[in-house]
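Asker: My structure is below; once you've seen it, I'll send some questions.
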């Protein structure tokens, strides 16, 4: 098999999963009839071409606009689940809360469904900011600035997390790319992790909004572990995940008028 074809197959594999362990990758290569030495040489070339990142024990695709799903496309994926999760999560709010909301289409649904008086929403997402401004129950909205990422509509900067040095939040709400079988939570955009962690460290409680399609998957960029989260709100759960999440789990249930 020609080297170009091998690289295309490797990138397609990584495009689907974003991250793969070295062991699983070599197994995948062997299934294609590619030996380990050749596969590792191709990986090194892909790293030099800045297409992938090699780390201890794994390979990850470098996130960029060519591989990232657009926000509009994400809105159409698992839309019913996102709405159900959002409607359940708003019940955890209290009047006059000051909250941080991360980026994500689930978070957009969340702020749009708030029907309690929220003192302030802080976010790094332009679309979450815009949805918050439309909601009359949200009194003030703060948009954290920085470098703007067009497709995901997110701002990021090195100093963004410093905003929370002098602010105490009531609650932090965030979404994620995946949770693995150890309870580690991952995102697909490394610069956003710092601001999420800072918000979590400066609030009374944190909540993860995540749909069931993202369970038992390994990601490239770890945010935190479920031990640091008060509740995980999702639409469905396997017995394996129920055992992992235990009393942190909140299952969103469809109401009669839904």
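Residue numbers (the working numbering): 555 to 812.
Here a beta-carbon is modelled for each residue, glycine too, at the ideal position from N, C-alpha and C.
As the structure is a prediction and not an experimental result, all values here were calculated from the model.
1) Cα-Cα, which of 777, 801, 776 is closest to residue 787?
2) I'd like to know if the segment 740 to 758 and the segment 705 to 718 are in contact, where contact means that at least 3 CB-CB pairs between them fall below 8 Å.
3) Could you pull the DSSP bridge partners for residue 674 from this structure?
4) Kindly indicate which residue of 736, 682, 594, 704 has the alpha-carbon position closest to the one of residue 694.
5) List, from N- to C-terminal side, the beta strand (DSSP E) runs of 3 residues or more that fit wholly inside the segment 660 to 723.
6) Nearest-angstrom Cα distance between residue 660 and residue 653?
7) Just reading off the alpha helix (DSSP H) that residue 755 is part of, what are its end residues?
8) Report the partner residues of residue 573 according to the DSSP bridge assignment.
9) Are the CB atoms of residue 790 and residue 766 within a distance shorter than 7 Å?
10) Three-state secondary structure (DSSP) at residue 781?
11) With DSSP as the reference, label residue 620 as helix, strand or coil.
12) What do you get for residue 678, buried or exposed, if any count of 16 or more other CB atoms within 10 angstroms of its CB means buried?
13) May I ask you to list the residues that DSSP assigns as paired with residue 739?
14) Do you know how far the Cα of residue 761 is from the Cα of residue 565?
15) Alpha carbons only, please: which of 799, 778, 773, 707 is nearest the one belonging to residue 571?
16) What are the start and end residues of the alpha helix (DSSP H) that includes residue 633?
17) Classify residue 620: buried if its beta carbon has 16 or more other beta carbons within 10 angstroms, exposed otherwise.
18) Is it the case that the CB of residue 666 approaches a heavy atom of the ligand MG more closely than 6 Å?
19) With DSSP collapsed to three states, give me the class of residue 580.
20) According to DSSP, is residue 558 part of a helix, a strand, or is it coil?
21) Report the rounded CA-to-CA distance for residue 706 versus residue 669, giving the unit in angstroms.
22) Rank 746, 594, 632, 649 by C-alpha distance to the C-alpha of residue 699 and give the top, closest one.
23) What is the DSSP secondary structure of residue 800, counted as helix, strand or coil?
24) Alpha carbon to alpha carbon, how far is residue 763 from residue 638?
Answerer: A quick look at the data gives this:
1) 801
2) yes
3) 652
4) 682
5) 672 to 677, 695 to 697, 701 to 703, 708 to 710
6) 15 Å
7) 744 to 755
8) 614
9) yes
10) helix
11) Note that residue 620 has pLDDT 46, beneath the 50 cutoff, so the model's placement of it is unreliable and no number is given.
12) buried
13) 733, 778
14) 33 Å
15) 773
16) 633 to 643
17) With a pLDDT of 46 at residue 620, under the threshold of 50, the modelled position of that residue is not reliable, and no figure is offered here.
18) Ligands in the displayed structure: none, and consequently the ligand MG is not present.
19) helix
20) helix
21) 26 Å
22) 746
23) helix
24) 10 Å
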